[in-house]
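Asks: Before I ask anything, let me first share the structure, which is written out below as structure tokens.
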Amino acid sequence: MNEIIHLLNEYGYIILFLSLMLELIIVPIPNEALMSYVGVLCFHGKMNIVLSIISAGLGGIVGVTISYWLGYKLGTPFFRKFGRYIHMGPEKIEKMSKWYEKYGKVLLLVSYFIPGIRHFASIISGIIKLPYRSFAFFSYIGVFLWIGTFIWLGQIMGPKWDIYQVEIKKWLVLGSILLGIIVLTLFVVRTNKEIIKESLLLIFESSFKRFKSFMKLKLIILTCLIFFVTFYILMIGLIQDKISNEFNKFNSVFKTIVFNLFNQNWHGSMNFIYSLSTWKVLLVVSLATILVILINNKNKWLELLFFIASLAGIVILSVGIPWIFNFMLGSNVSKNFPNEKSMLILTVLGYFIIMLIRHNKAYLLNIVMFFCFIFVVLLFSISSVYLHHLLPSDIAAGFVFSSVWLSGIIFSLELFRFVSLLKENIREEKLLKKQVE
22 MNEIIHLLNE
32 YGYIILFLSL
42 MLELIIVPIP
52 NEALMSYVGV
62 LCFHGKMNIV
72 LSIISAGLGG
82 IVGVTISYWL
92 GYKLGTPFFR
102 KFGRYIHMGP
112 EKIEKMSKWY
122 EKYGKVLLLV
132 SYFIPGIRHF
142 ASIISGIIKL
152 PYRSFAFFSY
162 IGVFLWIGTF
172 IWLGQIMGPK
182 WDIYQVEIKK
192 WLVLGSILLG
202 IIVLTLFVVR
212 TNKEIIKESL
222 LLIFESSFKR
232 FKSFMKLKLI
242 ILTCLIFFVT
252 FYILMIGLIQ
262 DKISNEFNKF
272 NSVFKTIVFN
282 LFNQNWHGSM
292 NFIYSLSTWK
302 VLLVVSLATI
312 LVILINNKNK
322 WLELLFFIAS
332 LAGIVILSVG
342 IPWIFNFMLG
352 SNVSKNFPNE
362 KSMLILTVLG
372 YFIIMLIRHN
382 KAYLLNIVMF
392 FCFIFVVLLF
402 SISSVYLHHL
412 LPSDIAAGFV
422 FSSVWLSGII
432 FSLELFRFVS
442 LLKENIREEK
452 LLKKQVE
């Protein structure tokens, strides 16, 4: 990077043109940092912002055009055979082609902001034989948007760019994650539009017009929704308190109580309790959950599907959420916020208990199981502090975050169960009408 900056200081616009052209022909050059530096030079009057954007833009256009025609002429067979040598193996080709099929030409507008995507977007356009006019229109606009954004940011920040660039990159990463979630949500809604529309209509009718039965299920759905909203509000407040360092007293008091009540003689018991969070135990609980679902045999495939979703989601969230907090806040938050183990144990054990309670009519036994679950969670919190001196606030955060996830999963499960029962009810009504006729 230092060599490129030295060349830029010497030869200016020519180096800017060449660096953008080369990167977009799959040559890894950190051009976002380079363009921001050009913006700083524009701030100091050493370069002209209009000429900088034009020269960089023209370089980018030449680069994407060459990449497009390479993909167009060489085609899929070449890249399937030799693509792995330039990080364009069959898997990447397949993945990118599916992106284009799903999201269309508009992806070219934003692809240049996404590292790893912009390097291959033009080649994929050529491989799938996207018409050149369509490619040129969207990709050339995308190139200038990308270049203009970073040069402009460098200019308005000026000498402060070095101070704020880390924060800006953090927010760009967060923005990319949020954008990805939004795009994924829109895609799911778009591909299941008719099913969602029909389900919402059924739910509306069942709530206000007909289907006076299913009262128990409606109460369960309402309860799940209340829990979800409550835990979500609690999660937001907890994040604010954590950032404001308002948990110091809570952590101190909790630790004092734990170490006063439990001396060294409790070490073996605490190890046993903490072992509940190991992958072996979680796997056993997961298998027990599957067994309970199969024995209950009520909407078993639906319950199994949401159980798998809850497991996959909490594994991703237990790693992803602490990473995001540490990435965004750095030393202002502990590395274990929220605690990964507490997120995993509450979700896995929580789903197991819910499946036990859900179809059990012995209400007294259900109450006992619920309080046993709370007791186990509390003991796990104590063992985490006792053995590993973890912050109680981090453990509590893990429980709250996973409670939001679990309550959302159960709410969705019961909503899907409700819709399936409504559809079944409608089918039965139609059959009865036909029999009467």
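So the sequence shown is residues 22 to 458, counted in my numbering.
Glycine is no exception: its CB is placed at the ideal position from the N, C-alpha and C atoms.
These numbers come from a predicted model, not from an experiment.
Alpha helix (DSSP H) containing S14: first to last residue?
Replies: A question about residue 14 goes unanswered here, because the residues of the chain that appear run from 22 up to 458.
Asks: For K319, which residues in the same chain have their Cβ closer than 7 Å to its Cβ, ignoring the five residues on either side in sequence?
Replies: As a first step, residue 319 must be located in the sequence shown, where it is residue number 298. Only H380 meet the Cβ criterion.
Asks: A333: buried (16+ other C-beta within 10 angstroms of its C-beta) or exposed?
Replies: As a position in the sequence shown, residue 333 is number 312, starting the count at 1. Exposed is the call here.
Asks: Roughly how many angstroms lie between the CA atoms of V279 and V302, to the nearest whole one?
Replies: Reading the sequence shown from its first residue, position 258 is the one you call residue 279. Reading the sequence shown from its first residue, position 281 is the one you call residue 302. If I take the Cα positions, the gap works out to 25 Å.
Asks: Could you tell me the distance, in whole angstroms, from the CA atom of F38 to the CA atom of V71?
Replies: Taking the sequence shown and counting its residues from 1, one reaches residue 38 at position 17. Taking the sequence shown and counting its residues from 1, one reaches residue 71 at position 50. Going by the C-alpha atoms only, they are around 13 Å apart.
Asks: Which value, in whole angstroms, describes the spacing of the CA atoms of I46 and C63?
Replies: Residue mapping note: residue 46 aligns to position 25 of the sequence shown, counting from 1. Residue mapping note: residue 63 aligns to position 42 of the sequence shown, counting from 1. Straight-line Cα distance between these residues: approximately 26 Å.
Asks: Hey, would you say the C-beta of N387 is under 6 Å away from at least one heavy atom of the ligand SAM?
Replies: As for the ligand SAM, it is missing from this structure, which has no ligand bound.
Asks: Tell me which same chain residues have a C-beta within less than 7 Å of the C-beta of D262, skipping the five on either side of it?
Replies: On the sequence shown, position 241 is the one that residue 262 refers to. F268.
Asks: Going by beta carbon distance, what residues of the same chain come within less than 7 Å of I431, once the five residues before and after it are set aside?
Replies: Locating residue 431 in the sequence shown gives position 410, counting from the first residue. Correct list, in chain order: C245, I375.
Asks: Which value, in whole angstroms, describes the spacing of the CA atoms of K16 and T299?
Replies: No information on residue 16 is available, as it lies outside the stretch 22 to 458 that the chain covers here.
Asks: Which value, in whole angstroms, describes the spacing of the CA atoms of I416 and N387?
Replies: What you label residue 416 is simply residue 395 of the sequence shown in a count that begins at 1. What you label residue 387 is simply residue 366 of the sequence shown in a count that begins at 1. Distance between the alpha carbons of I416 and N387 is about 26 Å.
Asks: Go to F275, then tell me how far its alpha helix (DSSP H) extends in each direction, as first and last residue.
Replies: Locating residue 275 in the sequence shown gives position 254, where the first residue counts as 1. Element bounds for F275: 269–282.
Asks: Report the rounded CA-to-CA distance for L399 versus I74, giving the unit in angstroms.
Replies: By one-based count along the sequence shown, residue 399 stands at place 378. By one-based count along the sequence shown, residue 74 stands at place 53. Using only the alpha carbons, I get a separation of about 59 Å.
Asks: Have a look at V425, I162, M291 and flag the residue whose alpha-carbon is nearest the alpha-carbon of F134.
Replies: As a first step, residue 134 must be located in the sequence shown, where it is residue number 113. It is I162.
Asks: Restricting to Cα atoms, I'd like to know which of V59, L43, I145 is closest to G33.
Replies: Numbered from 1 along the sequence shown, position 12 holds the residue referred to as residue 33. The residue with the shortest Cα to Cα distance from G33 is V59.
Asks: Is there contact here, the region 427–446 with the region 248–261, by at least three beta-carbon pairs under 8 Å?
Replies: Verdict: yes, contact present.
Asks: Straight-line CA distance for L408 to L365?
Replies: For the purposes of this step, residue 408 is taken as the residue at position 387 of the sequence shown. For the purposes of this step, residue 365 is taken as the residue at position 344 of the sequence shown. Their backbone Cα atoms lie some 18 Å apart in a straight line.
Asks: Since G92 and S143 are thought to touch, with beta carbons under 8 Å apart, how far apart are those beta carbons, to the nearest angstrom?
Replies: Position 71 of the sequence shown, counted from the start, is the residue given in the question as residue 92. Position 122 of the sequence shown, counted from the start, is the residue given in the question as residue 143. Confirmed, Cβ separation roughly 7 Å.
Asks: At the level of alpha carbons, what is the spacing between E44 and G341?
Replies: Counting from 1 along the sequence shown, the entry for residue 44 is found at position 23. Counting from 1 along the sequence shown, the entry for residue 341 is found at position 320. One C-alpha to the other measures close to 30 Å.
Asks: Between the alpha carbons of V274 and L411, how many angstroms are there, rounded?
Replies: As a working mapping, residue 274 is identified with position 253 in the sequence shown. As a working mapping, residue 411 is identified with position 390 in the sequence shown. C-alpha separation (whole angstroms): 13 Å.
Asks: Measuring alpha carbon to alpha carbon, tell me which residue in S402, V164, I294, C393 is nearest L130.
Replies: The residue you call residue 130 lines up with position 109 of the sequence shown. When each option's Cα is compared against that of L130, the closest is V164.
Asks: Quick one: using the 10 Å Cβ neighbour count with 16 as the cut-off for buried, is E445 buried or exposed?
Replies: Position 424 of the sequence shown, counted from the first residue, corresponds to residue 445. Exposed, since its Cβ has fewer than 16 Cβ neighbours within 10 Å.
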